[in-house]
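Trainee: Dropping a structure here in structure tokens format, bear with me for questions.
Numbering (this note's numbering), first residue to last: 1 to 158.
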């Protein structure tokens, strides 16, 4: 591995270290560029792919399928609860998931089993209202969102 590759990978890790939430490769590239790093988007993707393969980052997919990245904590693999409103993420106790994955591995005879569990919801800051024990649905969120402005007066007859 060349010194340049090592420097670029270090820059990617540095950029991820400052991110509290999962970020896309494009967001990370913009952050690194703003900090003065001369690194191409393709290089950011390559470094993220290498870091994911070696366990240096956690990877999830957003609703559109885009990969999002977050530096993996030193204590290892984690699972996160991610807000669908703002993207805020927080680690969750995943002992049950890990036990389940270990049991499946033992029961099936597979080896080197990896897993991804993605939990999403709406964080307290994004909830338009607190509804006791009723689960907030996407319809609730749309109904609570402000209506778009009425621009009919600004339109000219065509």
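All C-beta atoms, glycine included, are put in the ideal place defined by N, C-alpha and C. Predicted model, so just to flag it, every value in this text is computed and none were measured.
Below 8 angstroms on the Cβ atoms is my contact criterion, and I expect residue 13 with residue 55 to pass it. Report the Cβ-Cβ distance as a whole number of Å.
Mentor: So it is not a contact: roughly 13 angstroms between Cβ atoms.
Trainee: Suppose you measure from the CA of residue 81 to the CA of residue 7; what does that come to, to the nearest Å?
Mentor: Whole-angstrom Cα-Cα distance: 32 angstroms.
Trainee: Between which two residues does the alpha helix (DSSP H) harbouring residue 122 extend?
Mentor: That residue, residue 122, is in no alpha helix (DSSP H); it is neither H nor E in DSSP.
Trainee: Can you tell me whether residue 62 is helix, strand or coil according to DSSP?
Mentor: Coil, per DSSP.
Trainee: Does DSSP classify residue 72 as helix, strand or coil?
Mentor: Three-state DSSP puts residue 72 in coil, outside helix and strand.
Trainee: Rounded to a whole number of angstroms, what is the C-alpha to C-alpha distance between residue 86 and residue 68?
Mentor: Cα-Cα distance, rounded: 14 angstroms.
Trainee: Could you please give the first and the last residue of the uninterrupted beta strand (DSSP E) stretch that includes residue 94?
Mentor: Counting along the chain, residue 94 falls outside any beta strand (DSSP E), and DSSP gives it neither H nor E.
Trainee: With DSSP as the reference, please indicate the residues paired to residue 44 in a beta bridge.
Mentor: Paired residue(s): none; residue 44 is not in a bridge.
Trainee: Which word fits residue 23, buried or exposed, when buried means at least 16 other C-beta atoms lie within 10 angstroms of its C-beta?
Mentor: Buried.
Trainee: If you draw a straight line from the alpha carbon of residue 97 to that of residue 30, how long is it in whole angstroms?
Mentor: Approximately 34 angstroms between the Cα atoms of the pair.
Trainee: Express the C-alpha separation of residue 42 and residue 108 in angstroms, rounding to a whole number.
Mentor: Approximately 38 angstroms, taken between the alpha carbons.
Trainee: Measure from the alpha carbon of residue 111 to the alpha carbon of each residue in 101, 94, 20, 37, then state which is nearest.
Mentor: Closest by alpha carbon: 101.
Trainee: So, is residue 104 buried or exposed, given that buried needs 16 or more other C-beta atoms within 10 angstroms?
Mentor: Per the 10 Å Cβ criterion, exposed.
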